[in-house]
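Let me begin by presenting the structure, written as structure tokens, before commenting on it.
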Amino acid sequence: MTKAEIASAVNEWFNIENYSVLQNLTVEQLFQEIENRIVAYRMGQNSGELPPESRRRHQNYYEELIEGKVV
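Spelled out as structure tokens, the structure:
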């Protein structure tokens, strides 16, 4: 991909309006959301070791994040 193609793809995927909800969070809630993402990242690295139900829940959560669901 060229730089222009990458920039175009990012602009299509990233919508800053999705993040306006963060303005309504307390600092504690924001830290909790960050921690949730750290846990999801670590679980993703070990997804082969997860039980099927945990793997499915992780995949659903990850897909929501990728689709732009911020909180």
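Be aware that the sequence shown starts at 4, since it is given in our numbering, and climbs by one per residue.
Idealized CB from N, CA, C, for every residue including glycine.
The structure presented is a predicted model; accordingly, all values stated were derived computationally and were not measured.
Straight-line gap, residue i to residue j (C-alpha atoms, nearest Å)
| i | j | result |
| --- | --- | --- |
| F34 | A12 | 29 Å |
| V24 | F17 | 15 Å |
Residues near residue i by beta carbon distance below 8 Å, same chain, minus five either side
| i | result |
| --- | --- |
| A43 | H61, Y64, Y65 and L68 |
| L53 | M46 and H61 |
| R40 | L68 |
Close beta carbons around residue i, own chain, < 7 Å, minus the five adjacent residues each side
| i | result |
| --- | --- |
| S50 | R58 and H61 |
| Q26 | none |
Below-8 Å beta-carbon distance, residue i vs any chain C residue
| i | result |
| --- | --- |
| V42 | In summary, chain C is missing from the structure at hand, where a single protein chain is found. |
Cβ shell of residue i (< 6 Å), same chain only, five flanking positions each side left out
| i | result |
| --- | --- |
| M4 | none |
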